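K.L.:
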Amino acid sequence: MPRVMESSEIEIEQQTADGLPTESREADSASQKSDTPPHEATPASKGLQAIQDVVSRYVGQLLHGCGDLACTETLCATGIRNTSQRPVRTYTPRSARAVAITLASGPKPRSRLCPRYRDERQHMSQSKVNGPRDPSAFVQQLSDTSTVQRLCDSSLQLSSRTYNREQGYGPGFYDKLEGYHTMLDDAMTNSKLPSTRSLLAEHGELQKLVGILSGCLKWLSDTFPSVPEGRAATLWLYANRVVSDGCAYPSHADSDPADTSYNNWLGLLDCFNHGPSFRLLCRVLQVAAELSVFQYTNEPRCGCFAKAGLHPDYQPQGGCCAEPTSGSCCGHHRDQMIYRALAERLLVDLNYYLMLVTIWFKKAFFHHWDNEPVLRKGTIGYAALMMLECMHTRVAESVEVSPMGFSMPVVADRVDAPYMVQSYIDLPEPKSGHLFDFGFLFDFSRKCFYFRTLNHLRMRKADSDAQKAYAIRSRAFGASGLGAPQLRGQLRSLEEHYLLLNVSRGNVLQDAFDQLWQRQKSELLRPLRVRLGEIDEFEVGHDLGGVQIEFFNLVCKELFAESAQMFTTDSATGLSYFRAGSMQPLYVFELCGLLLGLAVYNGITLPVSLPRAFYMQLLGKLCNKPESLSDGWPQVSRSLEAIIKHDIDDLDFAFPMEANGLRLTVLPPSPDMDARTILDVVDASRIESSSQKKEAHNINPEQELTPVLEASQEVDIRSIKDAWPGWRLTPASKGPAQVTADNKIEYIRRYIRWLTIDSVAPQWHAFEEGFFSVVDLSTSKMLSPDNLRRIVEGSDHLDINELKRTALYTGYDPKSRYIQTFWRIVSGWPEEKQKQLVKFVTAAERIPSGGASNLTFRIEKALPSSTQHLPTSSTCFGTLLLPKYSSADILGSKLNVALKYGLEGFGTG
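To convert, take the position in the sequence shown, counting from 1, and add 120; that gives our numbering.
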């Protein structure tokens, strides 16, 4: 494991309670005296002097010795010559400094000092030649820094206030430092006064405080040395890699060049470890943390994001609260107010220093983190993660950011996974946060593992509750009462260990709806088991996943069919979305969400293709940028980007909607929760398409706006005001507003929201209610939209070599010629045909997010073996029953026939 930051070998400031910044290599005693303002001796300066005394004596005795012929100390040059029987290799100043630092940082720093050595000759320690330096040796590089050289030379007086003009630590540095500390103290005091404590309602007060915090960080950033142009990105990424591993400096030899004129990464790391600067950074985070807690407990207001004047990207859907009309502010968002405001200000003021600030916040987190997954709000460590979260969200916008900038994989390595998950389940609310609240910390494989584990623990709890119910009933009624029909019928749901569905192939959707309707949540959280087959002849067996996979394949096929009138699929992109104005009852969409939620909860990959905006909205993330529509509505995305770049004439704040044979022009819906399902119709006309007179609402906007009309007739909206499930259609009381250059950005945001949410609001909210009745919303927050998409939809790519490596065998030797022939034949197929084989054996139409290794693929020798039999499969067990044929040609032809006729249902042919 890499050495943790602030180790005693490197950061001497921990022992002295004050910082020791890097010094100029040309500094000498005279410049030190002239630059350093006079000050009284403090415990910090006394500690520095004591350390310098020990280290400099070790350097002196290693280089020059004591000169006493009776000396026998093996770490004294004289003692070495007196006791050694072989030629002695003398120390160079560099090696002497390295040994001295190591000895001084040990448990007994004075134990190897030579008692006969005197300091008169120590000033000569720099006169010897160092010799060539190994550029890959970190200890040698550290020993050549000016800080260590000054520490090892007692002729130079050290002070707890030392300066480096090159890095900005000039004579006025500490005066400014104290000024910023005083400013932060005053801001903290004034913000808690009753007259000014309502920061969320007072835009000026919040921005004033944010300006002070941002000013501190900008001043600290200006003290960093300039980096060579063309090497800046590499140097920052290298420093970020070191700090992300939880280290102050590299813990192993590095191959990067050590020439400081070309690669000064060591100087950058010195700045990150500069004690006074780091303490001011922590003070800034402490102020933000304390004020966030203060506001959380003292500001019960709503609409706080708009009042604070934050960027519209930060305003949650429907305001800051899930219920904007409730009159109380959402604690989660109110807790983030200070952090979000500061993050947005930093992205403006310190855009060039974005990586610098990111690294500094990481360092602050590691410095104050106690390796526990639960984080107390109001602490510096929690504040550092909140700042990283807000910056990550703001920078990411609608495109997934590379994890290199913000991730810290060492966090997952330091906490045991079961303990991490269990601590999240037992999390005390609302005074504590958790590492799972910051999904950017982990890579996808980690987040997927944590998500599966959390769902598995919820299953175990549901199963445990069923066992307890059975035990209580047994004790209450005894063995004779367990068979009573009236009790069995009433209490069966409390005692079953699984959520069991008996579904016929000919009526999958209706059977599933009938059995899931009005089920208790405790039942839904149990492991799913499916019996699938014809009526009264269910294919009953050990459902180890294969039957579930086939069941959900059939469910999705019916749900997304055109005849269901629930979703519409774009022929160009192949992506599906809710059908606007669907005539299906809302409970059908709720059960649809429940079915998809059950699949995610039980780890089943679904054969669906949904736009990224769907997953963004499902996780509560705003879609307000044209690029967020680029995959599902590419033409709309390009049109909206054109509106941003050019002024458009004759454009109104009214949106089109085609559904059930009508073309509507509607006003933007009110943000009021009670009015979300009210459509203010400006204009309505009847449409009949020439293509079979379909009433489909196509996701492609050009097809929506340019249908082929056969007839057009005005429609009386009042006559159909309650005809559409979930909607109330009313004539608009006013006309639409004009879109101008000043409000076109707002128009784009409202149009995107209309396309993704408002036009399908009743269906969306019903689906969402069903989905989150099984999937825990707080648990899913650790996932990004792309993460959730991979979990739900899996992948279309099959790595046949990965499948071969993880395949299991019964009756066959994996190294046998026959099995090798089988894989040679399969490897020669196109990928689509290979995926047909996977579906034939496992029923999976998509590859799970973890790859083909997550599939159960077993090859079993079929008995009795006959060349007349075709290969069959048991999707319950993910098993291919393969007879042993006499030749490769016969094997290939039999596999082709089996795939051609056995892809639907169980392969028994």
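Ideal placement from N, C-alpha and C gives every residue a C-beta, glycine not left out. Only a predicted model underlies this, so the values are computations on that prediction, with no experimental measurement involved.
1) Among the residues of its own chain, which have a CB less than 7 Å from the CB of Gly501, if the five just before and after it don't count?
2) Give the list of continuous alpha helix (DSSP H) stretches no shorter than 4 residues that lie fully inside the stretch 723-801.
3) Please classify Ala632: does DSSP put it in a helix, a strand, or coil?
4) In terms of alpha-carbon separation, which member of Ser853, Arg838, Leu547, Glu615 lies closest to Val802?
5) Within the chosen definition, does the stretch 174-184 reach the stretch 192-199 through at least 3 CB pairs nearer than 8 Å?
6) So the beta strand (DSSP E) Glu1036 belongs to, where does it begin and stop?
7) Compare the C-alpha of Tyr544 against each of Val530, Arg566, Leu574 and name the closest.
8) Assign Asn722 to one of two classes, buried (16 or more other C-beta atoms within 10 Å of its C-beta) or exposed (fewer than that).
9) What span of residues does the alpha helix (DSSP H) with Pro905 cover, start to end?
10) Pick out the complete alpha helix (DSSP H) segments inside the stretch 842-909, 4 residues or longer, and give them in chain order.
11) For Ser936, does the count of other Cβ atoms within 10 angstroms reach 16, so buried, or fall short, so exposed?
12) Could you tell me which whole alpha helix (DSSP H) segments of length 4 or greater appear in the stretch 453-501?
13) Just to confirm, are Phe562 and Val541 a CB contact at a threshold of 9 Å?
14) In angstroms, rounded to a whole number, what distance separates the CA positions of Val1017 and Thr976?
15) Does DSSP put Arg209 in a helix, in a strand, or in coil?
16) Compute the distance between the beta-carbons of Leu849 and Leu799, then report whether it is under 9 Å.
17) Tell me the DSSP bridge mates of Ala804?
18) Note down, in chain order, each residue of its chain lying with its Cβ closer than 6 Å to the Cβ of Asp557, except the 5 sequence neighbours on either side.
19) Looking only at its chain, what residues have a beta carbon closer than 7 Å to the beta carbon of Leu636, apart from the 5 residues adjacent to it on each side?
20) If we count the other Cβ atoms within 10 Å of its Cβ and call it buried at 16 or more, is Lys483 buried or exposed?
21) So what does DSSP say about Asn622, is it helix, strand or coil?
22) Do you know how far the Cα of Thr478 is from the Cα of Gly948?
23) Within 10 angstroms of its Cβ, does Pro705 collect 16 or more other Cβ (buried), or is it exposed?
24) What residue from Leu928, Asp933, His917, Phe344 has the CA that sits closest to Lys955's CA?
25) By Cβ distance, which residues of its chain are closer than 6 Å to Ser1050, with the 5 residues on each side in sequence left out?
26) Which term fits Asp273, buried or exposed, when burial requires 16 or more other beta carbons within 10 angstroms of its beta carbon?
27) On the CB-based measure, 16 or more other CB atoms within 10 Å of its CB, does Leu784 come out buried or exposed?
28) Could you spell out the range, first to last residue, of the alpha helix (DSSP H) harbouring Phe960?
29) For Pro856, which residues from the same chain have a beta carbon less than 7 Å from its beta carbon, with the 5 sequence-adjacent residues on both sides left out?
30) Report the three-state DSSP secondary structure of Arg253 (helix, strand or coil).
31) Ignore the nearest five residues each way along the sequence and tell me which others in Arg534's own chain have a CB closer than 6 Å to its CB.
32) Do you know how far the Cα of Thr210 is from the Cα of Ser176?
33) Taking buried to mean at least 16 other C-beta atoms within 10 Å of its own C-beta, is Met736 buried or exposed?
34) Using the Cβ count rule (16 or more neighbours within 10 Å means buried), how would you classify Gly694?
35) Sort Phe569, Ala504, Leu508, Tyr358 by Cα distance to Asp536 and report the nearest one.
36) Three or more C-beta pairs closer than 8 Å, one from the stretch 670-682 and one from the stretch 735-751: is that the case here?
P.N.:
Taking the structure as given:
1) Phe485, His488, Trp489, Leu495
2) 732-738, 754-765
3) helix
4) Ser853
5) yes
6) The question about residue 1036 has no answer, for the chain in this structure spans 121 to 1029.
7) When Val530, Arg566, Leu574 are compared, the shortest CA-CA separation from Tyr544 is found for Leu574.
8) buried
9) For Pro905, the enclosing alpha helix (DSSP H) stretches over residues 905-913.
10) Here the runs fully enclosed are 864-876, 881-891, 897-900.
11) Per the 10 Å Cβ criterion, exposed.
12) 457-469, 474-488
13) no
14) Val1017 and Thr976: Cα-Cα distance of roughly 23 Å.
15) coil
16) yes
17) Beta-bridge pairing links Ala804 to Leu784.
18) none
19) Leu711, Leu714
20) buried
21) strand
22) Spanning the two alpha carbons is a distance of roughly 48 Å.
23) exposed
24) His917
25) Any question about residue 1050 goes unanswered here, given that the chain covers just 121 to 1029.
26) Per the 10 Å Cβ criterion, buried.
27) buried
28) 951-962
29) Asp772, Phe773, Ala774, Leu787, Val802
30) coil
31) Asn491
32) Spanning the two alpha carbons is a distance of roughly 17 Å.
33) buried
34) exposed
35) For Asp536, the nearest C-alpha among the options comes from Phe569.
36) no
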